[in-house]
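Worksheet: one structure, shown below.
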Amino acid sequence: MKNLKELILEVPSVEEAKIILDEGSKLNPGLWIDHSFYAGQAAQLIAREDRELDENIALVLGMLHDIWKKIWSNKHET
Numbered sequence: 227m228k229n230l231k232e233l234i235l236e237v238p239s240v241e242e243a244k245i246i247l248d249e250g251s252k253l254n255p256g257l258w259i260d261h262s263f264y265a266g267q268a269a270q271l272i273a274r275e276d277r278e279l280d281e282n283i284a285l286v287l288g289m290l291h292d293i294w295k296k297i298w299s300n301k302h303e304t
């Protein structure tokens with residue numbers, strides 16, 4: 227598994243994102259998992275309408291958006 231810095235500098239593949247979500251669901255089960263998949267699918271659909279956007283990157287970033295928020299908030303808590 228990549229460290230945080232590598233994940234920020236490089237967007238994970240769709241398969242890596244699925245692994246990250248699977249691991250997250252084991253640590254913290256809940257409705258957020260389905261929400262993450264739906265957010266990814268929505269981002270992918272939006273990206274399909276714009277030639278400048280990569281739909282796989284949009285899918286991954288949508289899938290992982292809550293995990294990034296959690297990592298970011300933990301890192302910057304005072």
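Numbering (our numbering), first residue to last: 227 to 304. C-beta: ideal position from N, C-alpha, C; glycine also. Since the structure is predicted, the reported quantities are computational estimates derived from the model, not experimental observations.
By alpha-carbon distance to Asp-292, the top candidate from Arg-274, Asn-254, Glu-278 is Asn-254. In the structure shown, Ser-262 falls within a helical segment according to DSSP collapsed to helix, strand and coil. In this structure, DSSP gives Asn-282 a helical state, which the three-state scheme calls helix.
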